[in-house]
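Q: Just passing along the structure, written as structure tokens.
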Amino acid sequence: ADYGHYGPFFIRMTWHAAGTYRTGDGRGGGGTGAQRFAPLNSWPDNGNLDKARRLLWPIKEKYGNSLSWADLLIMAGNVAIESMGGPNLGTALGREDIWHPEKDIYWGAEDEWLGDNRYGSTRQDLENPLAAVQMGLIYVNPEGPNANPDPLLSAQDIRETFARMAMNDEETFALTAGGHTFGKAHGNGPAEAVGVEPESAGIEAQGFGWASSHKSGKGVDAITSGIEGPWTSNPTEWDMGYLKLLYHYEWELTKSPAGAHIWHPVDINEDDMAPEVDGSGKKVMPMMTTADMALKMDPSYRAIGDRFMKDPEAFGQAFAEAWFKLLHRDMG
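Count along the sequence shown starting at 1, add 553, and that's the number in the working numbering.
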């Protein structure tokens, strides 16, 4: 586990289990445990979450039918937040599992991963009922629209997509900043070293996908999104580090070892460097994505962030409420 703690991994799993919800038809979300099945189990944005779900198997085996996969996938993220000192409003249980892929949900007409043949003449003219910007993504492209690293254009995508997922600007900001307080992104090697997704892997893979031929393929060497680095100096603690780093420093555009657009702080203080995931004591540079930079550059998001910087308690409460809403939308 990165930093010896599976918490950030489970938060991402839970976020992505619930984050498919959209208001256009009320479909998606974490109510059925659908992340276990195609196509969600093989979406690029769900890379390596096959391992997170497998880590939960001993718990599922222990409790059997008295605990649904749907509830377990959601509960794991909540426990993870609590274990790292984060704010939490609890979890309502009672989700019922499905046992086959959902064939009646429209995820888009594209026939390739990351295709975006879902727009009209503008970025706001997104095909209904869709909310995600590309096939196989949960929300937006973190590198910017079509990997164009323009924070202000990214802000437009974020606002449109999250609105279609029932989130206003403050909820969007709190959810993003709070979620990125934990963990890191993985892209410390060439993207072509990553194998096929679970649904394309051979039966001998036993349900796993994205096998990596890059060195050890895990820990320091892991490749998932292609973006590389932690967001904060303390990736397994709830604090104000994300906003402090984002707003304190100027940031310069660079690329990860996998070739993805990322941003690094200019002239960072040694105390603000982040630990390496392997516990070696080595320090590494924190990073931000273009989508993170949107929270700094967009005037509306920036005003929300400035307010939260002055009132950490309000930030924590806003995150807890947005997270609870994320996990429970359209559930009764």
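For each residue, glycine too, the CB sits at the ideal point set by N, CA and C.
Whole-angstrom Cβ separation of residue 817 and residue 829, contact assumed at under 8 Å?
A: Contact doesn't hold; Cβ gap of about 16 Å is too wide.
Q: Quick check on the burial criterion: 16 or more other C-beta atoms within 10 angstroms. Buried or exposed for residue 781?
A: Per the 10 Å Cβ criterion, buried.
Q: List the endpoints of the continuous beta strand (DSSP E) containing residue 808.
A: Element bounds for residue 808: 804-808.
Q: Just to check my reading of the structure: residue 815 and residue 802 have Cβ atoms closer than 8 Å, yes? What is that Cβ distance to the nearest angstrom?
A: Actually they do not touch by this definition, with Cβ atoms about 14 Å apart.
Q: When the distance is taken between beta carbons, is residue 650 closer than 8 Å to residue 621?
A: In this structure, residue 650 lies closer than 8 Å to residue 621 by Cβ.
Q: Would you mind stating whether residue 566 and residue 790 have Cβ atoms separated by less than 8 Å?
A: No. Outside cutoff.
Q: May I ask you to report which of helix, strand or coil DSSP gives residue 672?
A: Looking at residue 672 - three-state DSSP - the assignment turns out to be strand.
Q: Residue 692 to residue 572, Cα distance in whole Å?
A: Cα to Cα, residue 692 sits roughly 8 Å from residue 572.
Q: Smallest Cα separation from residue 677: which of 713, 652, 662, 689?
A: The residue with the shortest Cα to Cα distance from residue 677 is 713.
Q: Going by beta-carbon coordinates alone, are residue 862 and residue 796 separated by less than 8 Å?
A: Contact flag set, yes.
Q: Residues bridged to residue 743 by DSSP?
A: Answer by DSSP bridge pairing: none, since residue 743 is not bridged.
Q: Specify whether the region 657-677 and the region 607-616 touch according to this definition: at least 3 beta carbon pairs, one from each stretch, less than 8 Å apart.
A: These segments do not touch.
Q: What does a CB cutoff of less than 6 Å around residue 869 pick up in its chain, not counting 5 residues either side in sequence?
A: These residues qualify, in order along the chain: 640.
Q: Check whether the region 743-750 and the region 763-781 touch, using three or more Cβ-Cβ pairs below 8 Å as the test.
A: Short answer: they touch.
Q: Relative to the alpha-carbon of residue 783, which residue among 759, 770, 769, 809 has its alpha-carbon at the smallest distance?
A: The residue with the shortest Cα to Cα distance from residue 783 is 809.
Q: Determine the closest residue to residue 779 out of 578, 793, 785, 743, with distance taken between C-alpha atoms.
A: It is 743 whose Cα lies nearest to the Cα of residue 779.
Q: Mapping DSSP to helix, strand and coil, what is residue 658?
A: Looking at residue 658 - three-state DSSP - the assignment turns out to be coil, as it is neither helix nor strand.
Q: Would you identify the three-state DSSP class for residue 786, choosing helix, strand or coil?
A: Correct three-state label for residue 786: coil.
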